[in-house]
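Under this note's numbering, the sequence shown has 441 at position 439, and the numbering climbs by one with no breaks.
Note that beta-carbon positions come from the ideal geometry of N, C-alpha and C, so glycine has one too.
Because the structure is a prediction, the values reported are computed rather than measured.
Notes to accompany the following structure.
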Amino acid sequence: MDRRGGSKKLRTIHELIFGPHLLALLPALTLAAFWTGGEAMMLLMALGLPVLYAALGGMPDLRRDLTETGQQQNDLTDGDALRSLAATVLNRARRNRCTTACVLVELEGLSDIDPKPPERMLSEVRFRMLNRLRSTVRSSDRVTRIGDQRFAIFLTPDRRMDLEGMLHLARRLLNMAEEPLYYGRTPIFLSASVGICLSSRLPDSARNTAMLDRAEEALDEALAHGPSAIRAFTGVPLRSTPPSSALREDLSQALEKGEIAAWYQPQICCDTGRVSGVEALARWLHPERGIVPPGEFLAALEEAKLTERLAEVMLRQSLTALKSWDAAGLGVPRVSINLSGDELRNPKLSDRIRWELDRQDVPPERLGVEILESVIGGGIDEVVERNIRALGACGCEVDLDDFGTGDASLQALRRFDITRIKIDRSFVAHVDRDERQRRVVAGILAMADTLGLETVAEGVEGSAEHTLLAQLGCGHVQGFGIARPMPEPQFRKWVIEHRGTLTHSEQLRHRG
Ligand code: C2E
Ligand code: CA
Ligand code: CA
Numbered sequence: 003m004d005r006r007g008g009s010k011k012l013r014t015i016h017e018l019i020f021g022p023h024l025l026a027l028l029p030a031l032t033l034a035a036f037w038t039g040g041e042a043m044m045l046l047m048a049l050g051l052p053v054l055y056a057a058l059g060g061m062p063d064l065r066r067d068l069t070e071t072g073q074q075q076n077d078l079t080d081g082d083a084l085r086s087l088a089a090t091v092l093n094r095a096r097r098n099r100c101t102t103a104c105v106l107v108e109l110e111g112l113s114d115i116d117p118k119p120p121e122r123m124l125s126e127v128r129f130r131m132l133n134r135l136r137s138t139v140r141s142s143d144r145v146t147r148i149g150d151q152r153f154a155i156f157l158t159p160d161r162r163m164d165l166e167g168m169l170h171l172a173r174r175l176l177n178m179a180e181e182p183l184y185y186g187r188t189p190i191f192l193s194a195s196v197g198i199c200l201s202s203r204l205p206d207s208a209r210n211t212a213m214l215d216r217a218e219e220a221l222d223e224a225l226a227h228g229p230s231a232i233r234a235f236t237g238v239p240l241r242s243t244p245p246s247s248a249l250r251e252d253l254s255q256a257l258e259k260g261e262i263a264a265w266y267q268p269q270i271c272c273d274t275g276r277v278s279g280v281e282a283l284a285r286w287l288h289p290e291r292g293i294v295p296p297g298e299f300l301a302a303l304e305e306a307k308l309t310e311r312l313a314e315v316m317l318r319q320s321l322t323a324l325k326s327w328d329a330a331g332l333g334v335p336r337v338s339i340n341l342s343g344d345e346l347r348n349p350k351l352s353d354r355i356r357w358e359l360d361r362q363d364v365p366p367e368r369l370g371v372e373i374l375e376s377v378i379g380g381g382i383d384e385v386v387e388r389n390i391r392a393l394g395a396c397g398c399e400v401d402l403d404d405f406g407t408g409d410a411s412l413q414a415l416r417r418f419d420i421t422r423i424k425i426d427r428s429f430v431a432h433v434d435r436d437e438r439q440r441r442v443v444a445g446i447l448a449m450a451d452t453l454g455l456e457t458v459a460e461g462v463e464g465s466a467e468h469t470l471l472a473q474l475g476c477g478h479v480q481g482f483g484i485a486r487p488m489p490e491p492q493f494r495k496w497v498i499e500h501r502g503t504l505t506h507s508e509q510l511r512h513r514g
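Here you go:
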């Protein structure tokens, strides 16, 4: 302990005497040496000082300063070098009483591209992504690729850096990473998750690699809840769930403050390739935890009796978005919202929905309501039944969600006026490679055809699945392979880009 304290003191004295300022003073010192000791003294000073400086370890420091402010290193895949960089950045921030942060960004979807792209294309994608990330931060921030699809950003120490600012930055990075990237004419759609650790959140006793370690844990947590998740180390263990009553209070506030937002995932018509619908999925834009997916808060919302409010928020946002897409001429025919069993047990639900449609002047047939098969199979609640019938009767489209996963799929079809069935992701995965899977999906599609039901396949992750589903006669597809759920402004851009690629391929077809 003492020894370490002593060497630290020595280093400080060394830095004080032999810091970079010494070289700046060299001309003055040389001149002074000439006046006082003649030519021999001048030569000794001019040549001896830099040699002494280098011998005492001053030169490597200077070289490090130059690399950090000048040319940035693109790749840093050696774990030890990365840890040493993280330690250097943290030590400097601590010494200058500033805050720094380590932001880790992991691309998602690169390994899912089907068929597997050539290495040349992957390295170009990585390189362009690195440049995109660099263009999102300041030139003095250090951005480097640290793994196949992982990037590290070390921010220039600053006195005013805080978590809110970091979350804004993380969102900007996500948006940037999720902009489609063109390889030739082929668009590549990726998403990303982000893990953050701010040095100010670490205890003083934390090791100098702690900032990187905590950012890695935050990223793991984000990846487990992704796509497009952001997690920050906040000083409390990430995996501890807040006490139920606090979470309830947070959720109620979140709904009122507009932190719970609809994200949109497109559905594509297999015949035309056009956008045929869009599903609204709830996201909690948490000021500290980042983007929280519904799986983490729906149960608590239900427990807190807040589902009615969620349905209101999602409906209002979705209809407002639909109208704005109409105004922009995007041609999105309809939007669907999810209704849980709890929401459907609200006796006023169908009236509320009709009232909102009326208020926003949206025809009911442009709204889809997705109802889980498990909710309307078996012994069904009378209020639920009344709500579903009323919504169907007023013209809304009723979609049977997660079709095939419950044990009452056919009963639900017999009982209600269903417009579409959404074939669950578990049937769709690897349908292009798995013969048994293919036969089950073909059977569901044949049944839907006989019953006059439209079909949407969920969880389509690759182009081979998409092609096979179209060949089997599936009506529409939805999934990461087409696009991930996105916030409204990004969805709008995506639709415009998608239309552009369609027009281009239509032109090619006509020319061919
Ligand atoms: P869901 O209705 O089955 O929605 C589809 C889920 O699958 C979404 O997860 C979506 O992000 C994810 N997904 C879409 N394409 C793919 C794919 O290609 N691969 C994989 N692995 N996943 C894909 P998310 O948004 O986390 O939603 C989870 C569930 O939470 C939803 O399942 C829905 O049941 C519920 N939910 C979401 N938003 C709301 C809401 O506003 N109200 C209610 N009541 N439930 C909601
Ligand atoms: Ca759904
Ligand atoms: Ca589903």
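Query, Result
"Contiguous alpha helix (DSSP H) assignments of at least 4 residues, all confined to the region 219 to 281", "246 to 259"
"Three-state secondary structure (DSSP) of residue 61", "Note that residue 61 scores a pLDDT of 43, beneath 50, so its modelled location is shaky; the value from the coordinates is reported in the next line. Correct three-state label for residue 61: helix."
"Ligand 3 heavy atom lying under 6 angstroms from the CB of residue 515", "Not covered by the structure: residue 515. The range shown for the chain is 3 to 514."
"Top-ranked residue by Cα proximity to residue 373, from 497, 420, 279", "420"
"Pocket of ligand 2 defined by Cβ to heavy atom distance under 5 angstroms", "340, 372, 403"
"Contact check, residue 482 vs residue 266, beta carbons under 7 angstroms", "no"
"Ligand 1 heavy atom lying under 6 angstroms from the CB of residue 283", "yes"
"Identity of the residues DSSP links to residue 457 by a beta bridge", "423"
"Meets three-Cβ-pair contact criterion under 8 angstroms: the region 120 to 128 and the region 79 to 88", "no"
"Top-ranked residue by Cα proximity to residue 315, from 345, 454, 334, 102", "345"
"Cα-Cα separation between residue 219 and residue 50, rounded to whole angstroms", "49 angstroms"
"Residue 456 Cβ short of 6 angstroms to ligand 3 heavy atom set", "no"
"Residue burial classification, residue 37 (beta-carbon count within 10 angstroms, cutoff 16)", "exposed"
"Residue 460 CB to nearest heavy atom of ligand 3 below 6 angstroms", "yes"
"At least 3 beta-carbon pairs within less than 8 angstroms: the region 102 to 115 vs the region 445 to 460", "no"
"Among 283, 407, 366, 44, the one whose alpha carbon lies nearest that of residue 488", "283"
"Cβ-heavy atom distance, residue 316 to ligand 1, below 6 angstroms", "yes"
"Residue 78 and residue 148 closer than 7 angstroms at C-beta", "yes"
"As assigned by DSSP and simplified to three states, the class of residue 382", "coil"
"Residue 261 CB to nearest heavy atom of ligand 1 below 6 angstroms", "no"
"Unbroken stretches of the beta strand (DSSP E), 3 residues or longer, contained in the region 133 to 199", "144 to 147, 152 to 156, 183 to 185, 188 to 190"
"Nonlocal neighbours in the same chain, by C-beta distance under 7 angstroms from residue 200, ignoring five residues either side", "101, 103, 163, 165, 168"
"Beta-carbon proximity check, residue 486 vs residue 193, cutoff 7 angstroms", "yes"
"Spatial neighbours of residue 576 in its chain, beta-carbon cut-off 8 angstroms, leaving aside the 5 residues before and after", "Any question about residue 576 goes unanswered here, given that the chain covers just 3 to 514."
"Endpoints, alpha helix (DSSP H) assigned at residue 313", "309 to 329"
"DSSP three-state assignment for residue 432, whether helix, strand or coil", "coil"
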